[in-house]
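Protein chains in written order, with the numbering used here: chain C, 1 to 114; chain W, 1001 to 1115.
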C-alpha cells in the first residue's frame, strides 16, 4: 500500500513570490506521482505527472516538481505566483507497472495575497 | 472533447430518500472512478471500474451505497436510504491506460446535501 503526506494544509504567499508545496510519499514499490489542482467549485485538474525519466517535471501554468527517490518527495514549485494560482493542490501516488488506484494527499490550500 | 459529465450538479434531499448520481466518462476511457470529498475526510476513493467491471469497491462506506456501470458511457452511484452524513461533493473521474496515460480526468462534481 502507498500513502501521501502533505504537511502544509494552508500556504499563504504574496503575489510574484516563489512558492513550494511539499509532498512526501511512502510505498514499497515503484510509483507514479501526480499533482492536481482544484479551483473553487470545480473538479480536480492534472498539473503534472512523473512516470519515469527526468526527475524534474514541468507542468501547466508554470509549475514544476522534482522527484527525489532517496527522500521520497515530490515537491511542487513555482518561481512567481499569480492571484489566479489561488486553489487547492493535491499530491497523488499510484504503483507503477500496471494500473492500480491512485491515493491522494489531504491537499494544500495556496492563498496568493495581492 | 466534452470532458467528464456529471448530473445533477446539486442535489438536496431529505434523510431516508434515495439519491442517484450520474456520470458520463470521456469517450474511449476504460477506467471510471467515484470519489467523495468532505472537509473532514478529504478526497476518498469509493469504487473504480475497468471496462465496466467493478475492480475495487473497498471504499464504499456501507451497503447503502451501490454503483453500476451498465456500459462504457454511463455510470451511477446510488445511496439508499440517504443520511445527513452522506452530505459531500461526489466526483466522477475517468482515465485511459493506453500509451501510459494514467492521469484521471475529473468531472465538476455533484454537491449532495441531505437534510
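A virtual CB, placed ideally from N, CA and C, is assigned to each residue, including glycine. Given the structure is predicted, the values throughout are model-derived calculations rather than measurements.
| Asked | Found |
| --- | --- |
| Touch check for the segment 1015-1030 of chain W and the segment 1060-1080 of chain W: three-plus C-beta pairs under 8 Å? | yes |
| Along chain W, which residues have their Cβ under 7 Å away from the Cβ of residue 102 of chain C? | 1104 |
| So, helix, strand or coil for residue 84 of chain C, using DSSP? | helix |
| Which residues in the same chain have their Cβ closer than 8 Å to the Cβ of residue 113 of chain C, if we skip the five residues on either side of it in sequence? | 12, 13, 14 and 15 |
| Does the Cβ-Cβ distance between residue 1063 of chain W and residue 1047 of chain W come in under 8 Å? | no |
| If you measure from the beta carbon of residue 90 of chain C to each beta carbon in chain W, is any gap under 8 Å? | yes |
| Would you report the Cα separation of residue 87 of chain C and residue 38 of chain C, rounded to the nearest angstrom? | 6 Å |
| Any beta carbon from chain C within less than 8 Å of residue 1025 of chain W's own beta carbon? | no |
| Write down every uninterrupted run of the beta strand (DSSP E) in the segment 1036-1099 of chain W whose length is 3 residues or greater and which is fully enclosed by it, in chain order. | 1042-1050, 1053-1056, 1065-1071, 1074-1079 and 1088-1095 |
| Give me the Cα-Cα distance between residue 36 of chain C and residue 1003 of chain W, rounded to the nearest whole angstrom. | 16 Å |
| Listed in chain order, which residues of the segment 1035-1051 of chain W have Cβ atoms closer than 7 Å to some Cβ of chain C? | 1042, 1043, 1045 and 1048 |
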